Structure formats: C-alpha cells, structure tokens
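Residue numbers (numbering that gives the first Met the number 0), protein chains in the order written: chain G, 0 to 338; chain S, 0 to 338; chain Z, 0 to 338; chain U, 0 to 338.
Below you'll find the structure, written out as structure tokens, and then a few comments.
Protein chains: 4
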Amino acid sequence: MTQPKLFLSDNAAPVHPRVWEALQAADHADVPYDGDGLSAALDERFSDLFGRPCAALWVATGTAANCLALGTMVAPHGGVVCHEEAHIEADEGGAPGFYLHGAKLMLVSGAKDSGGARIAPADIAALIDPIRDDVHQVQPHAIAITQASEYGRCYRADELAALGEFASARHLGLHMDGARFANAVAFLGCSASEAVGPCDTLSFGFIKNGGMGAEAVVLFDPAAAAHVRYRRKRAGHLQCKGRYLAAQILAMLDGDLWLENARAANGAAAQIAQACTARLLHPVEANEIFMRCTAAEREALRAQGFAFYDWGEDAARFVTAWNTRQEDALALAKAIAAL
Amino acid sequence: MTQPKLFLSDNAAPVHPRVWEALQAADHADVPYDGDGLSAALDERFSDLFGRPCAALWVATGTAANCLALGTMVAPHGGVVCHEEAHIEADEGGAPGFYLHGAKLMLVSGAKDSGGARIAPADIAALIDPIRDDVHQVQPHAIAITQASEYGRCYRADELAALGEFASARHLGLHMDGARFANAVAFLGCSASEAVGPCDTLSFGFIKNGGMGAEAVVLFDPAAAAHVRYRRKRAGHLQCKGRYLAAQILAMLDGDLWLENARAANGAAAQIAQACTARLLHPVEANEIFMRCTAAEREALRAQGFAFYDWGEDAARFVTAWNTRQEDALALAKAIAAL
Amino acid sequence: MTQPKLFLSDNAAPVHPRVWEALQAADHADVPYDGDGLSAALDERFSDLFGRPCAALWVATGTAANCLALGTMVAPHGGVVCHEEAHIEADEGGAPGFYLHGAKLMLVSGAKDSGGARIAPADIAALIDPIRDDVHQVQPHAIAITQASEYGRCYRADELAALGEFASARHLGLHMDGARFANAVAFLGCSASEAVGPCDTLSFGFIKNGGMGAEAVVLFDPAAAAHVRYRRKRAGHLQCKGRYLAAQILAMLDGDLWLENARAANGAAAQIAQACTARLLHPVEANEIFMRCTAAEREALRAQGFAFYDWGEDAARFVTAWNTRQEDALALAKAIAAL
Amino acid sequence: MTQPKLFLSDNAAPVHPRVWEALQAADHADVPYDGDGLSAALDERFSDLFGRPCAALWVATGTAANCLALGTMVAPHGGVVCHEEAHIEADEGGAPGFYLHGAKLMLVSGAKDSGGARIAPADIAALIDPIRDDVHQVQPHAIAITQASEYGRCYRADELAALGEFASARHLGLHMDGARFANAVAFLGCSASEAVGPCDTLSFGFIKNGGMGAEAVVLFDPAAAAHVRYRRKRAGHLQCKGRYLAAQILAMLDGDLWLENARAANGAAAQIAQACTARLLHPVEANEIFMRCTAAEREALRAQGFAFYDWGEDAARFVTAWNTRQEDALALAKAIAAL
C-alpha cells in the first residue's frame, strides 16, 4: 500500500534529526526553568544573528509568542492593527484578547490589502485615520504583520521600511508574526535582519520548520524582556525543563539549519508552483501553494494519494515542509500538470 | 573530580528512557494539535485509571494545568481558598489572577493549617465563615489543595472525604494540585482514585517524575472539557505537535511507570529521612525532606558534594527524584547521621 | 442675542423637573448602596412594566449597563455578534473587552445590514456559519441589537421574534441596547414587552430621556441578578447613595414619564423629518434625523442658530430630546425646507 | 415618635444644600461627557488646592477612583501592598483584581501594623523583603494607604515622608485612598498638600462628606491623565451628563465646604469620644469612634434611639457626618457616659 503524500501542513511534520540530537544532549539534570546554560545562550545567539542587541525567550507556541510580544506595546485599552486573515485574529482562539486584557484587534479588510494578506501604510491609514482622538474610540497602539504572510507572500525591505516609518510617525509598535520567518528569509535571499526590518518584536517560528515545541520571542528592545519574563511565567509558559526548548532553538540556529530546512520546503513548493502558474491564487514566495482547481480535480489528486486541504469551493492549499520528499513534490507537480 | 549529588529539585531531573522511546515513536507526520490518536486516547486512559469517566488534556506546565482546572469552577468575581504557601499563591507568578480574570486567592495561614501546608474544613470555615453574603466581599467559589502538599504531606482518604463534604455543603468546587500526585499515591498505597477522592479536577504532574514537558488536566466532569479546550487554546497552550505531549503521558501511564518512578523517589527520601528523624520539620511522606540543620552543617554537607537548597536560616530541603541514585541517597543518609 | 437651538444630542439635555422632585424627595439619610426602599422597588416596578418577572439594577451609564448585561451570557473565550456601528463596538472605548475579559465583538458589516444598522438572522448566519466548531476560532455566545438603532430605526415584533428564534436555535443569548428604548416604544406604539421581544437582557436608558445619571439593567432571567450584583460592585458601579439613582428611574416610570418624554422627542423629530423626506438617509422612527445636505447648507443652518453635528461630508445629524422646544423644531423644519 | 439618631455611616447622609444648588445651577444643556466647562475646571481647581500641577477626574465611586489611580502604577503582573483591612482588599468586591487585570493585593497583617490599620515602611519591608527578584513571585509595584485610615487614624507629615522615601527607594508607586481625606485634613490642621504628602495619586472623597455621587481621582503626574481618561471610559464611568458630577465637586471646594463639613463631623465625633476615652479601641482622629461595649450596653443605647453598627462581639462603631446634629452627638455622649 502506498503511503499518502502529505501536503496538509508544515505543522504536522516530524522533528529534525539534529533537533533530536540536541534534545538528547540536554538530557541531564540542570538548573530548572530558564536558569540553564542553553536558555542563557539565547540572547547572544539571536543578537549575533540579527546583528544588534536583542533578548530572546523560548515559548511552546506561536500564539504565546505573538501575544507576549504584543504585550510589550499594547495597553489593555488600546488596539492592534492587523489583516482580517491574520493568524492572531482568525486562528488563535481569541488569545490576544486574553493576553492583552481586552485590547482590540483592528482589521484591515482583505479586499483592501496589498496582496496575499499583507498590509501597507495606506491600508492602515485608511483604517485608523477616521478614529478620533477621543476616549469613546479605541486607539491603535501597534501594528502586527506576518512574514511570510498567511498566503505565503513576503514583505520586501522597502515595504518594511515604509511600515516602520509609518509606525514610528504614529507612535505605534510594530510586531512581526514569523511563524514562517525562515521561509521568508530563504525566499528573499536576505539576512534575518533585513527580513525583520524595523520591527520591534518578532515571534520566530521553529516548530513548523523542524522543531518539536519551541518558538522564540525576539525583543529588539532587550529591556522589554524584564516584563516579558514575568508575563511568560504568569501565562504558565515557563517550563521547568526549559533546556529542552532552548536546545531545539539552538540546534535550529546551528549551522543555519533553520535556513536549510526552509530552503528545502520552499524549493519543493517552487517545483510544484511551476506546474500550475496559471492556476495560482497568489505568487508562491514561501512554502504554501494556493491553487484554483475544481472539486473533481481535487478528487483526482486525492485518488493518487496526495493529502491536502480544500481552500473554499474552487481551490486547494498545498503546504510543503522541511521533510517533503523530492519525489513527492515532483509527483504532485506532474499530477497537477496532467489535470 | 566527583559529580555533585543532586537533591535540589525533582524538576531538574532528566527524562526517563521510556518517555524518550515514546517521543521517538511519535516522530512521524500526524494530525496537528490534539487531533492525533495519542491525544485522543487520553480520556479513556485516565477514565480507566480513575475508574470513572473523566476528560484529560495535556498542557506544558503545572501552572497552566492548575489555572485551567480552576477556571471550570471560579468566576472572575469569586475566590479560591488555598494555603498561604500553596504553589498557586506563592510560586506561579500570579498566574491564577491572569487565568481567572482577577479572582482572588483566599489564604489559610500556615500557623493555622493541619500540618505541612495541608488544610482542613475547620481551617477553611474559620476563613470564610466571617465573609458576609454581601457584594462588598469576594465570595469563595472553590478550594484548592495540594497532594502531596508543599511540605510533602499527603491527604488521607478520610481527610479528602471531609473536604469533599465541606465543599459540597458550601457549593464550592474542589481542585487538587497534583504536581507530586504520583508520590502521594506511592506513599498512601492506595489507588489513584482514592488519592484524588472527591475532587472535581486534578492537575496530574508528570514532569517532575520523568516527563519532559507534559502534565494532564483531569476533569471528573467530562463535560467541562468543552470549555477547557477553548481556554487552553486561548492561553496559547494548544501545541501544534501535541502528539509529543500525549506520548509522554501515555508512556508514564504504561505499565504504571508513574508509580514506579514515584516509588523510587519516595524510597530514596525515606532512606534519608531515617537518618534524621529527630531533625525533621515534617514527617516525610513523599520525596521531600525538610531538615533542621545549622549553616555549618549545611556547609559540611556541601563540602561532601551534596547539592540542595537552604530552607530559611536553620533548615535544608532535600528532594529526591525518579533518578536519584541509591548510592547517593545512602551517602547523604550517612553524611547526615555523621553530622 | 439669540440662544442656540440645540439639536446636537439628547445626552446634552437637562434633567426633567419630575426627576428633580424625586431626587429631592430622596434627600434624607437611608440605607446605603442598594439597601434602600427605592432601589428595592425596582424589580417589582419593571416586572409590572414588562408583565413578567425580571430583576432590575441601576447603573450610572449605558456602557456599564450593556457590559453587565452581556456578562450574563458571554464567557471570556466567546464572542458577541453586533453591527459594526453598534455603540458597544464603536463608541464605548473598548468597554466590552474589559468587562467580558477579552471576549470578541463579531461584526455585521453595514453594507450587509437590514437597514439603519439593524441586523437580521440572515446577516448573522452569514457571519457565523463559516465559523468552524474549532478551538482556533472564537465562537459566538450572544447577539446584541440596539432598539432604536444607531440610525434611529426600530425593530418590529416579527423581526424580534425571528431574532429570538435564531438565537435560541444557535444557543446564543440576546441582548438589547435600549439607550433609546423609550423612543422605540413611542414609535412602535406597542407595549414595553413587545418592544423588547424575546431578549434576555435590556439596558433601559433614561439619561438621554430626562434622567441625570441612572440607567437600568433589566434581566428577564431574574436569577442572573445574583451574579450581576457582584459584577456591578466589582466594576465600581455600586454607588453608596444608590437611592438617588433609583429615585430617577422610578420618577421616569411614574405616570409613564419615560413614554411622555420620548413622544415629545419623537414628535419634534417627525416634524423636522417632514420638511426633508427627500433628503433622509434613513426613515425617521425615533428622535434622530440623518439628512443629506451640503457643507454650504449646513453653514446656512448654523448661521440661523441651529447647532448639530456633521455626518460625514454630505450629511447632518439632528437629535431631538424631551425638552426640544416646539418652536425650535418648527423653525428647523422651515429652515430646512427653505434650503 | 422619636426619629432615630443615626451613627451608622457617613455614606448614608443626605446631600448638602450647597451641592444641591450647584447641581441645579448646572441644569441646562451643555457639552456631554467631560467637555463642559465645569469638568474642564477641575484640573486647575485641584492644582490650586494642592499648590502644584495635577489632573483631576470625576468618577461616581471611591472604588472606581481607587482602581483607576492604581492603574497608573501597577502592571497586571504586579502587586499592591496594603493593609489587610484596607477598603480595596476588604470591601470593594474584588474591584482591584478586575481593574488591574489580575494584579495581586499584598497584605500587611493587622497584628503588625502601625496602629489603626495604618502601615509604615518597616511593615512593608517585612512583607516584601523576602520576595525574591524572581518571576515565580509577584513583585510589588505600588503601596496603597488610607487617609484617614479604616479606623479613623491619620498619617502625619513625617510618616508620609517616610513612606514616600521608602516607595521611591523601592521604585513603588504610592496611592492614597482618601474616602475620608477631608476628615484627615480637618484633624491634622494642615494643608491638603501636607495631608497627601508625596503620594502619586489620591482618590479624594466627597460623597461621604455632603456630595451625592462624585469623587475625584487626583493625579499628581498630570500626564497620567491621558491614560486614565481612556480607562475611565472603558470602565463605563464616563457619564454623559458629567457636569452634574463636576458641579458637586466644585461646590464642595468652593469656600472650603469640604473642610467645613469635615470639621463638623469630626467635632461631633470628638464630643462623643470624650465621653468614652477609657473604652476607645483607637484614638479618635476623624469621624469614627470604635468603642468597647457589651451587648447589653449596645442594647441600652439602641433602646434610646441610637442607630449604629456592632463591631465584633465586644464593641460598637459610631460614625458622624457633616449633618450630625449637635444635640444627637451630645445625647450619645451622655448616654455613653451613663452606661
């Protein structure tokens, strides 16, 4: 019997062997919580990677990472501007409302975005300029963007710079949800620092990219970590065997495994995308392919052993991962071309 | 050079080999979050263990487990009665205030408890009976106890029954913080069901007892899980590779590894305790020893390679774990006897 | 010099003489908080008015009334469906996020509503049917409607019945923001009970209609009051001289002053509306007139001493109140006709 | 039949005639919320009174005033040190937990206070010095004191200075609950500024002292008002006819009515206190008398028409107010002397 060829989601992928090795290397008694040497090494490792001082904390999920980061810039009576399809709005079960104590998400409509659920200063201005400086209306305190976006699109350096200038002019914080940050860096071919641009905070995803259960909250104002550490504990996210989380992250950074894995996933996606350029809903810039196809076509693909999600009535979503087999991607590309 | 003989905390211990095996057995693509087969198996496994229907959810920390459980019984305007040294009050960074949206912890004083930070109906009545049924005063909604307690003491079946009757008569929920529940069951020599008694919820700890990063929230009213699942997601605790948490817990339950490990830890503690019965601050009923000793004596022990925490000015705390070496426990017992 | 003729807002109007009388009649020492006889009378008075048992509590603002009412039906992890121009979304400074501990407002777009910011089952279904029963997405727990609506439109009995059936079928609570409930009853010519229909809770406004600082939270499940009383105190809304709030409300109910005042305001609005039927943005069903007019026309009206708000670029809003002078309404009607 | 002679609480007293006059003088259409001239005058009037720039906002209750003030200095993950009998802990229904999003009240025990529920730097140090700088423990962010205290005791200038130095050295905010601030100023015979000392915020009570429903939040860092105005709205405390609250406060400040009323209340209390010096639980420094007396003695007093509260088993509490009649105070003094 044939094994299904999986294109459901990168969050279903297994753990990379080098992450396993690091986990097992950490398997000895050590100082609990984040008092161990591995956890302590994170600040310096991320500061090296981004070429400027930053603080970095492990947490178990991207949801927690996003919410803790936003907590450094949004008061309970404020708001966060994001795309209406942003993960924090659409897929985190209301976590920002919980972590931010009732702060409001202020939504840029998909009909008005800059392509693939990315937002631009003009989109944001259209949303917030009508807000009066008046206590009856919630005021924006921050902007949250996603790199790569919910549709696998990447912000370019000049777009990030424009967002940074806008945020700064309006005294807004700027957060980047980087659940697939590695895929964006791999696509853009730039440095991690260029891909994060002027953001104040980043949730740097590792789980979809070969980790088991560790993401990093990266704070480009390292002083903010003093508060975030308390907030992490208060949210029940300070694991007592934290070294196992730090070990995963360090393994991903070692030898740029994060980039190597992302390149593999992106490469597989690009291969598939080439087979269906005319069908694409969005340019493929990371590891997700949104492709127009009929229900009958989807059925045909599934009959050949491909597993993936429907995307509404007339499309499908394929996601590749660090472990997508070359032959599976090729097979999918061929099957799509043959539709 | 000698390796230090560690008695600092069971939360510093490594991961049990059988847990490692289970983790690796789960290392394949699977349905994300808690849609995998391992996560789905938890309800039945815990129902079997406790001999009655219950729901069980994995989370990464005891803090999250306690707070999610309390959330089933405490409204934001209510209160939770606990011991003033309870972990939820003294060591969770205010997490209950966050998860319970400002509910109040109502504290039984250590001077008035039933021994070793355990509380009894009379202690609770003394605290809450003076509260008028009046909106100016926060009303208690639940009681939280710890099994084994913060000083390693265990509640007996009759004590639990009395607490259950009291809670029921006052319309209060009853939660058990079971970070060291396994050690309590091992000591009491009873079933898991007897050790939890009439509690409505239990946070069942595995991390201190051989796990890596998974505890279980056990809900003896399975219907409560519907809400708790939303609250877990909202708190950023729904990990996308949940199978790795479920695997840990199932490995601990398989062949009663949780009990085997707890017996090992308790046995080592008992061995040490025998060497210092006259010095004990509390009877040793689990894997913690609180022993009177002078600063000079502590220095002497440390000089022999024993690592442990001071407990105030005149005492020390030793904690054993599933992996405490027989020879280390024996060496400590001898060293203490020789003081 | 001429006094300006005010059509800015009914919330700027003074206090009705019969309310003043009642305030002064209450001016003697009495039991504090809501222990006085006037406060105690509210439940019965509202039960009489609505012809069924209900509980009623005074609070100082409509914002607090709405939020306390919603708190009876919306868990922190849930959501409230409302119109995107609903007061709770657009004008309460994020109060629902605070009172509901981070619950989410789920917005029916104005482009898709049933006229004048009213919502219908089909609008709500279109919004919530795509929500999967899945912890990643916030689930709706309640619907909030406004009677009369933000554009002065009234829900008819059959519309309310349909909303009630829909809410019931979906297990959703149904709240009515009745800041101008009196104006709606006056327009509909029905009973208070018919105007509230199957709603579970109502915030019954008195302040815009002749009161000083008292609204009523009306709970058609009287048992819910037990929680709401605690929540009111916890929100700092249990005033110690509560009799002065109860007195206002009772004075408004006495001899149907609430209805008499609303009829006066509605009558003045109708008189003005007749002068500009072709210009109306919305049918005038309460005491608000939204009228297309150019900037030059608005200037002309202001030059004649009329005070009112612009409504965007091309319209104006006029609001009448219980104390709008017959001659001022007539003068405005004439001035508009003469534009 | 004789009217009862009321010594239950100053919060039961009626409204002062000059406050009524001011309320009625405000009875005309005006800009809603706090846009009216009376509300706008508060900042300057309080700045004059305290001899330094401050911002002042009206709210309807002392609970809201305390909580909004504390919100300027306490993060959700922090704590507030106060006396265990402080109003914010014992009588506000958990409001600080709500307003401060789960922050913790950290309690100085009555057994260790400085007399009459006052706290001193040494009390606070004993409480907070054992707290490790560690995310597992909630850190104090502020101190809250009550002037006059819950037992009618007043902080002297040197005591306030010491608290200010301590707070400053520990980077803690310092808030004063001034529900009976007027009584303290009247007793101390000092300026308002001296009676508030180095506090950062003050809730200045007027309701118990002749007002109807208005207290002032006074912020000695006027910049903090920007946030507090949003938080007030968000808490449903921005009343739309705010001029009626501002009018009350301004009437109380005019001609030092606040001081005149407090002197009257204190004078009556002093007269009663002279009759029972040997029985006093606390020196009488404001308008509250806590007096040892048996149940039989209380019955005897009540038989003579005196209304007051029991204070535990063996004492009574008498509270005087701005309107306590000279002859009633005298009669009570005589009746007590005759016991």
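Note that CB positions come from ideal geometry on N, CA and C, so glycine has one too.
Quick caveat: nothing in here was measured; it's all calculated off a predicted structure.
Going by the CB atoms, is the gap between residue j and residue i shorter than 7 Å?
i: residue 183/U; j: residue 161/U; result: no
i: residue 281/Z; j: residue 154/Z; result: no
i: residue 181/U; j: residue 257/U; result: yes
i: residue 230/S; j: residue 76/Z; result: yes
i: residue 70/G; j: residue 137/G; result: no
i: residue 83/U; j: residue 108/U; result: yes
i: residue 55/S; j: residue 217/S; result: yes
i: residue 122/Z; j: residue 111/Z; result: yes
i: residue 174/S; j: residue 74/S; result: no
i: residue 145/Z; j: residue 238/U; result: no
i: residue 358/S; j: residue 38/S; result: As shown, chain S starts at 0 and ends at 338. That puts residue 358/S outside it, with no answer to give.
i: residue 152/U; j: residue 179/U; result: no
i: residue 93/U; j: residue 103/S; result: yes
i: residue 65/G; j: residue 186/G; result: no
i: residue 193/Z; j: residue 156/Z; result: yes
If I'm right that residue i touches residue j with Cβ under 8 Å, what's the distance once you round it to whole angstroms?
i: residue 140/U; j: residue 96/U; result: In fact, because the Cβ distance is near 14 Å, the residues do not count as touching under 8 Å.
i: residue 322/Z; j: residue 13/Z; result: 6 Å
i: residue 49/Z; j: residue 319/Z; result: Contact doesn't hold; Cβ gap of about 26 Å is too wide.
Under 8 Å between beta-carbons, which chain Z residues line up against residue i? List them in chain order, please.
i: residue 228/S; result: 134
Report the neighbours of residue i on chain S: residues whose CB is nearer than 8 Å to its CB, in chain order.
i: residue 90/U; result: 135, 136
Do you know how far the Cα of residue j is from the Cα of residue i?
i: residue 235/U; j: residue 338/Z; result: 40 Å
i: residue 143/U; j: residue 204/S; result: 38 Å
i: residue 36/S; j: residue 330/S; result: 45 Å
i: residue 365/U; j: residue 23/Z; result: Examination of residue 365/U is not possible in this model, given that chain U is present from 0 through 338 alone.
i: residue 125/S; j: residue 113/S; result: 13 Å
i: residue 309/U; j: residue 105/U; result: 28 Å
i: residue 15/Z; j: residue 19/U; result: 15 Å
i: residue 196/Z; j: residue 228/Z; result: 24 Å
i: residue 241/Z; j: residue 226/Z; result: 18 Å
i: residue 291/Z; j: residue 9/Z; result: 21 Å
i: residue 315/U; j: residue 335/S; result: 57 Å
i: residue 2/G; j: residue 119/Z; result: 49 Å
i: residue 271/S; j: residue 134/U; result: 31 Å
i: residue 0/G; j: residue 332/G; result: Reliability of the predicted coordinates at residue 0/G is poor, the pLDDT of 44 falling under 50, and the value obtained from them is presented with this limitation in mind. Cα-Cα distance, rounded: 22 Å.
i: residue 32/Z; j: residue 213/U; result: 14 Å
i: residue 29/Z; j: residue 21/Z; result: 15 Å
Starting from residue i, find everything on chain S with Cβ-Cβ shorter than 9 Å and list it in chain order.
i: residue 102/U; result: 93, 96, 101
i: residue 239/G; result: 8, 10, 11, 60, 61, 206, 207, 212
i: residue 236/G; result: 59, 60, 62, 63, 234, 235, 236
Determine the chain U residues that contact residue i at a beta-carbon separation under 8 Å, and present them in chain order.
i: residue 76/S; result: 92, 93, 97
i: residue 30/Z; result: 11
Since residue i meets chain Z, which of its residues come closer than 7 Å, beta carbon to beta carbon?
i: residue 232/S; result: 134, 135
i: residue 5/U; result: 28
Using a C-beta to C-beta distance shorter than 7 Å, which residues of chain G count as neighbours of residue i?
i: residue 243/S; result: 211, 212
Inset, instruction - Could you please tell me which residues of the segment 38–68 of chain S, in chain order, have their CB closer than 9 Å to any CB of chain G? - result: Residues are counted here when their Cβ sits less than 9 Å from a Cβ of chain G; for the segment 38–68 of chain S these are 58, 59, 60, 61, 62, 63, 64, 65, 66, 67, given in chain order.
Inset, instruction - Compile a chain-ordered list of the residues in the segment 14–27 of chain G whose CB is closer than 9 Å to at least one CB of chain S. - result: Answer set for the segment 14–27 of chain G: 14, 19, 22, 23, 25, 26, 27.
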